[in-house]
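Protein chains: 2
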Amino acid sequence: MLNSPDFQTIIMSLQSFWAEEGCLIWQPYYSQVGAGTMNPATFLRVLGPEPWNVAYVEPSVRPDDGRYGDNPYRLQQHYQFQIILKPDPGNPQELYLQSLQALGIDLQEHDIRFVEDNWDSPALGAWGLGWEVWLDGQEITQFTYFQQAGGINLEPVSVEITYGLERIAMALQGNYNFRNIQWNQYFTYGDVNYQAEREHSIYYFEEADIDRLREMYGLFEKEADLALNKGLVLPAHDYILKCSHTFNVLDTRGAVGVTERQALFGRMRDLSHRTAEAYVAQREKLGFPWLEKPTIRGRKIKSKSSEEEQMNLPSEVNLPETADLLVEIGTEELPAADLEEALSQLKKSVQETINNLRLSFDEVRILGTPRRLAVHIRSLSSRQDDQTLVFKGPPSKQSFDKDGNPTSAAIGFARSKGLDTKDLIKKIVDGGEYLVAEVHEKGQSISDILPEKLTELVAGIHFTKSMRWNESGVAFSRPIRWLVGLFGSTEMPFNYAGLTAGRATRGLRFSSAEEYSLKNVKDYFSFLSSQGIIDDSDERKQIIKGQVAKLLSSVKASTDIDKNLLSEVNNLVEAPTALLGNFDRSHLELPPEVLVGVMKKHQRYFPAYDKEGKLMAHFITVRNGDDRHLDIVARGNEEVIQARFADAAFFMHEDNHHKLEDLIPKLDSLTFHPKLGSMRAKSKRVYDITRKISADLGLSAKDKKVAARAALLCKADLVTNLVAEMTSLQGTVGKYYALRDGEDLPTAQAIEDHYLPRQAGGIYPKSKPGLVVGLADRLDSLVGLFAADMSPTGTKDPFGLRRAAIGLVQNLMQWKVDFDLRKDIELVSSFQPAAVSPDQQQACFNFIVGRLRNILLEEGYRYDVVNAVLAEQGANPSAALTGVVELGKWVEKDEWSTIFPAFSRCVRITRDISKSFKVKPEKLIMDEERTLLARVEKAASVIAETGSIDAFITQIEQMVPDIDKFFDNVLVIDKDSAIKENRLAILQKISAMSNGLADLSLLEGF
Amino acid sequence: MLNSPDFQTIIMSLQSFWAEEGCLIWQPYYSQVGAGTMNPATFLRVLGPEPWNVAYVEPSVRPDDGRYGDNPYRLQQHYQFQIILKPDPGNPQELYLQSLQALGIDLQEHDIRFVEDNWDSPALGAWGLGWEVWLDGQEITQFTYFQQAGGINLEPVSVEITYGLERIAMALQGNYNFRNIQWNQYFTYGDVNYQAEREHSIYYFEEADIDRLREMYGLFEKEADLALNKGLVLPAHDYILKCSHTFNVLDTRGAVGVTERQALFGRMRDLSHRTAEAYVAQREKLGFPWLEKPTIRGRKIKSKSSEEEQMNLPSEVNLPETADLLVEIGTEELPAADLEEALSQLKKSVQETINNLRLSFDEVRILGTPRRLAVHIRSLSSRQDDQTLVFKGPPSKQSFDKDGNPTSAAIGFARSKGLDTKDLIKKIVDGGEYLVAEVHEKGQSISDILPEKLTELVAGIHFTKSMRWNESGVAFSRPIRWLVGLFGSTEMPFNYAGLTAGRATRGLRFSSAEEYSLKNVKDYFSFLSSQGIIDDSDERKQIIKGQVAKLLSSVKASTDIDKNLLSEVNNLVEAPTALLGNFDRSHLELPPEVLVGVMKKHQRYFPAYDKEGKLMAHFITVRNGDDRHLDIVARGNEEVIQARFADAAFFMHEDNHHKLEDLIPKLDSLTFHPKLGSMRAKSKRVYDITRKISADLGLSAKDKKVAARAALLCKADLVTNLVAEMTSLQGTVGKYYALRDGEDLPTAQAIEDHYLPRQAGGIYPKSKPGLVVGLADRLDSLVGLFAADMSPTGTKDPFGLRRAAIGLVQNLMQWKVDFDLRKDIELVSSFQPAAVSPDQQQACFNFIVGRLRNILLEEGYRYDVVNAVLAEQGANPSAALTGVVELGKWVEKDEWSTIFPAFSRCVRITRDISKSFKVKPEKLIMDEERTLLARVEKAASVIAETGSIDAFITQIEQMVPDIDKFFDNVLVIDKDSAIKENRLAILQKISAMSNGLADLSLLEGF
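Right, here's the structure in full:
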């Protein structure tokens, strides 16, 4: 690309641009930081109420991103350009986009996207919502509205914009390897930084001395604490940064286990929190002197008090009788799920609102794109229907005195309705005569009633995660930047989030008519259409589906399209245009899970499969915009995916130096939990447990061998580079590496299987060996961590024990494998490094059964049925499921109304008797006794044989007449205690039939 | 100042300026560094042959410059703007000055000066020569030609320019407190950095945990070593930087003693050296790929090979018979001492050169300013005098054969002189007849002979410290940037340092006619004069003296002017204009030594004293330039001095929290030497030794008390802030603080005195107690450190033992105090923590006597006289001096020629006889014996009484006739051994008379 700016010019241009906008130009920090966020110019300055606008370069060091200089994109040090705008100027996205233009980027030539990306830093106790900004599929910027830092809520919210300078330079210079970026006219980025990439990568990955780094960490932490104790905020912050960097190096060396990570994060967060509080206190003591400094203001935000006067309500007389209503909530890019959620909420609430307002209309349409939520009501009447309300007053008798004059009760009632007593009517209500007030309400004009309701409508939309941005303090998924309210051609203003609705809308970004003043509602749709915006979600989805299918066909690929991905992509664009990209065929050598993972998860690309289901070297992406300059967009996307694949290839290449089996000793470097040893120790336990339960579960000799081998290898991939990078592929990577190492397919499969299912609704283990290893692994985690007092509390579940327990019981149910949780918990306890107390075992058992209960309840089974079965069969989830299903069916049957009382009667009469009686046949004195006993004995043997609830209840059902007769004719509580005990013994036998199956006393109606 | 650029604009302007010039814009380093030099973009990139031009900001952290934000100038973190130009572009000063103009500085309004400031970094193994750049007395930039880094010679040399951004901003914005600098339109520097200054100062000075920092240092060092062992240059460098910063913090905490400092510096230097070597090896292995990159070229440098052809020698015919010759060597600003030295060398060498060339002339003038050395020769003839050279050939006899034909000897001789044999003449030489050749040499034109000689003349100037700058590889005090060679109006070109002399000269910097083409030699002087440049050093000195005196008079101050300062100032300006500045009277409360030290040493200001000798709140500085804008210049200078005084006041204020006596325990934190304990232990020894030798030296009871008290307190000021800052004031500060604490004046005086003399020629202790404490201190250091094997070797003398020994003997000589070094070394040894061996004591004694010998030799005493006296009186320097003086006089007298042989004869005959004989009077058989013996016995008693060499030699002189008679008439070696021994006994008595006085056998002629 000719005349494209070089790297240093990009930096200088950004400095100039933001200085012009009023930002203070700051310098990189003198400490190794992972991001500009950690520079005190961000981390501390975003705290407290004072305005602060700043811009600076930050060379950001992330040891585990090191790639020895071999990867075109990934660097252990990259250059960020960091902006903080505090408070939100109202138009930060626009400012940002202008800055890209200042760099010479023609925004119309590219696909620029704001892709949901929320940010949190456990070490800093900070989080925010925002986006990655994509330029042709490439992430070039992080854009975040900070909500919290150092554990403190931020008021006002700060906008953080973090440019990835290398990415921008690559895009501008049209080359896609950091080494080729022109730094100035003479030197490339590679010239000046390649060697650093190589050397630091070697140091971080291979050479850094773990023990010494741990010592450093400890020293830094103590100095931070010392500084905080003396109220020295900045020195403390410096040492926290040193802690953080040292932690990162340790992590890159693979020296930090899960627990240690948790612990260190916790300690850093605590220090950060103390630092943040100390900073705010310090500023407060100074009286927040910068409150007087000016802020950057893009758009004026109305203050609460001025809202009313600025609203220009339409005069009633001007309104037509009916017209279309349009309400548009213009937002910054909504996350896909939030868009979905908002549309569904609006569907419900709009309808309700209009109905409640007694407004007639033809049709309600709810429309939406990532940048707008719209309500379109056809032919809405401009006035409510009139109505008559009837209010009951005092009884007639008490309403008039003997002279016929209204009593004070009547007068008061009339006054309360704004009527005179003579307007009150006598009516018979509920058999008595009362005074009644009939109030005729004339329907109001929508100009009087709608604004308030529209505000409520918007305010009523709720999101799982919402954010504040300006001083209105309202929360939404992302900032609302404009509101449209139009009734026909008349403005229908309402207020929200510091904005007043009017006729100004916005089109597609970067289009020539980005802002547009609507003449009327109809104009809105033609405007959107002229911009290529498809505001109807379903329609848009179909269009995308068609475009994608067409492109897939063009390369002879299967046109099956992932529905979830389609839904997501549909929510990412306003004006979809699908395009085809290609990547180097050599990448097809990577495991398809890796390729697909990258394409779908990272890039939201549709992969292409041939008719045999094999992956092809193509992908489809859907840009936001028209079909001009698709070549540029495609080129950018291709470069991104190539780089990502190269990254994975790099890791696999590195990993090929070691067999999985040889990596096992390296598991020693990963701590599982201090009390439970390393991952290697855990791995050994899983192996031992697997061998034990393989036998118990009756695996074949061959399966036993496979399970044992898989158990041995199942954790080894945790210390591979590829898993370190793509954690979600643990197990899958193990599978591929096992095959690479010459392991047999069942073993490889079992390695992958032992993690399955990965999440609710995920696929289950395909093989029994995999199932068994997974059981062993999960049980070991559950028992061990309960023993280590790491049981989940509240929202805290650092080891994912909920997930483990759920996976455990789901697998057992899925595979219909009988299991004895109690026994196996005891077994697993015996393998733990420290004793597991009976209480801890019980707690663990209860926890697992608790998860099983939740699963069953979520499946829709009656809670009493679930409780009844779990009380007896909780230790065997698969059987419990069968029991719940069977019992669930019985309790719905008509016969249940006879079966249940009969059985219950037997139970109730015996349950408080602690002593167990034996039937003495010689003491049977009545036929009913004998008949029942014979029936009972037969039934017991049938039930024992099948062991099912079905059998049990069927037997009871057949027994009902005999039970009834028994109770009708036999007095159980005989004076002769021997006879009494004999009768009770028969009933105890009946009661006992449900043992091990269900505790029916827990059913409703018992 | 309106429209003056704010801080961030200054940075952005410098970035733009240097980017335009071809510099790569780099970023601050991610580690706490003391200066931009430590950024690898300087430290490593200056190594090796590859070109590299770079510019970057460096927030530089110097813990001990922290002032809690209270000092207007000093900051624990200041912002540097760093430039590296490699190789030297030829005009770096001009580029730099243009950059100042780019910042909006009107150079003509200010006094801009390049003040000698050489730089070295022990930790980096680096050094260079250059300047501080002063703007109105304020240092705003460091300008250095790097000669070495990491212990490696730099080829090419790099130019390093380091702007002090705060200083520049203050000057541009016209305010003189960092807190008030506008950073951008809204924020001041104080807004964003004051709190950091406060907090970090507290941390560095008061809170940093010394033990933990030491541990960190050790860990960092080990990681650096590890990285180097793996060939990882940059990771190693990072850890060296961490070492360096940690060291600085420890140092600021006062935790580093002299030896530890040495050791840590040594280790850091070693690591830096290894890093540097590894870097160069790495680049070499890559084939120095940047050799192909372009360099910045201000002026063309001629390569060696093209020199000849480019020289445009004047044609002989054009030259007038006589004319003035002008040679000017135009340089970047020479240091004062170098200018002095160059002028004196030229005075000698020019005269010699012209004489050797047989050129006639009227007068040779040697002129010079900091920017030029000039030779002006009036009425030089353009042609050498003719001459006839006579060469002696072979003897006539061998020159012709019997036929009279010339022999081959004659032919060869003639040919060797370019003559025919018939041109040879017969001449009587030394009594024999020879063939002689008379060669008539016509004088050559100066155009043929001068250029080479002028080159030699310039090359012949030598400096104590010289530097290289461009690829000509020549060394000079500072770069030579132009050469003028003019004979009348004709160019007289010659080559040096890649330049060819011509007619282009330069005037005063920033003048409108900075570059000027000379019409002729006369034009040169009128040009200089028009620029206000006084090129005659003596004349300039008189002018300055007059100006200064006039200004002093104007404030009624004494007009005594410090001669050394005057000489220095004279060498700092071309066009002197003195101006008066004032400072706040409140600063007069500071000790005058502090004020004067700052004014003279740092600022080269003339202080003003009133008629009573009391310091006044004025100073005189001499600017380089005319008298326009003197108000601006004065203002700047005033601010500088105010800030410096404020700095000193700050320290005194801090120090006032503690009495001197209370500081003694803090001396524990300063290590004197690991084997010798802390400074507190040393202080205790000095106290003990003082008490012991006070008695020996016969001090009065009162003086003894004073000495003891002073010894107790004498080192306490080492842990004061003021001494930490102004080390040269140790002792003086002690004096003031002692008085402040209520000590009596003699004690306070003795504290200061014990350091005296501070250097050769310095003032001596004023009081005997001070003398004694000083003796104790120096002897303790000498004996202790010799015992610790720290005796000076080669140029290494980290503890200044040479200085200590010299001070010791000088004081003894000055105070004429008798002393027994041997005895006192033994005494002092007994106080040392470890045993001092006899060998070590002897070595220490020899070392001290060696220094005494050197002093006496330097005073001009004959070496043999010195040796003779020291052989007997070396242990008592004062007596030795008297002895040398007396003996020195005797050996110059005529009588000596009789005295010395007589005495020598006695010595010679007896000296090899090891046995000592006793005179037996009964065996005296001759008168001569008896007479001599009587004479000898009388003399011996006289000598013993006075103990002087004078007495001894006077007695010998009187004895001469008797000695002569004795030898004339008495046969010493008699056959009778008793008689022989008796005679020898008399002579032994004579010989022994010199014992304890001098060993005359060491005199010449013995």
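If you read the protein sequences in the order shown, they are chains A and B. Numbering-wise, the first sequence is residues 1 to 1006 according to the numbering used here. Numbering-wise, the second sequence is residues 1007 to 2012 according to the numbering used here. Beta carbons: idealized from backbone N, C-alpha and C, even for Gly.
Tell me the DSSP secondary structure of residue i in three-state form.
i, result
"Asn1362 of chain B", "helix"
"Phe1397 of chain B", "strand"
"Thr295 of chain A", "coil"
"Asp1750 of chain B", "coil"
"Trp1475 of chain B", "coil"
"Gln185 of chain A", "coil"
"Pro59 of chain A", "strand"
"Gln1025 of chain A", "Look at the range of chain A in this structure, 1 to 1006, and you will see that residue 1025 of chain A is not part of it."
"Pro592 of chain A", "helix"
"His657 of chain A", "coil"
Taking all protein chains shown into account, do 16 or more other C-beta atoms lie within 10 angstroms of the C-beta of residue i, making it buried, or fewer, making it exposed?
i, result
"Lys768 of chain A", "buried"
"Lys1291 of chain B", "exposed"
"Lys989 of chain A", "buried"
"Glu50 of chain A", "buried"
"Ala2059 of chain B", "No information on residue 2059 of chain B is available, as it lies outside the stretch 1007 to 2012 that chain B covers here."
"Ala1396 of chain B", "Checking the sequence, you will find Val at residue 1396 of chain B rather than Ala. When all chains shown are included, Val1396 of chain B counts as exposed."
"Phe17 of chain A", "buried"
"Lys222 of chain A", "exposed"
"Tyr1869 of chain B", "exposed"
Looking at C-alpha atoms only, which residue of the options is the closest neighbour of residue i?
i, options, result
"Ser399 of chain A", "A:Leu435, A:Leu373 and A:Lys417", "A:Leu435"
"Ile620 of chain A", "A:Glu654, A:Gly581, A:Leu590 and A:Asn656", "A:Gly581"
"Ser1000 of chain B", "B:Glu1145, B:Arg1686, B:Met1685 and B:Ala1716", "With chain B represented from 1007 up to 2012, any question about residue 1000 of chain B goes unanswered, as that position is not in the structure."
"Thr1511 of chain B", "B:Asn1361, B:Asn1501 and B:Leu1534", "B:Leu1534"
Practice task
Taking a Cβ distance cut-off of 8 Å, strictly less, list which residues of the stretch 1061 to 1077 of chain B are near chain A, in chain order.
Solution key: Val1063, Pro1065 and Val1067
Problem - Selection of the stretch 627 to 657 of chain A by Cβ proximity to chain B, strictly under 9 Å - result: none
Problem - Under 9 Å (Cβ pairs) to chain B, residues found in the stretch 167 to 194 of chain A - result: Trp183, Asn184, Gln185, Tyr186, Phe187, Asp191 and Val192
Practice task
Give, in chain order, every unbroken run of the alpha helix (DSSP H) that is at least 4 residues long and sits entirely within the stretch 746 to 795 of chain A.
Solution key: 768 to 787
Problem - Members of the stretch 1228 to 1249 of chain B that neighbour chain A once the beta carbon cut-off is set at 7 Å - result: Lys1228, Glu1229, Leu1232, Ala1233, Lys1236, Leu1238, Val1239, Leu1240 and Pro1241
Practice task
Select from the stretch 1018 to 1035 of chain B all residues with a C-beta closer than 9 Å to any C-beta belonging to chain A, and list them in chain order.
Solution key: Met1018, Gln1021, Ser1022, Ala1025, Gly1028, Cys1029, Leu1030, Ile1031, Trp1032, Gln1033, Pro1034 and Tyr1035
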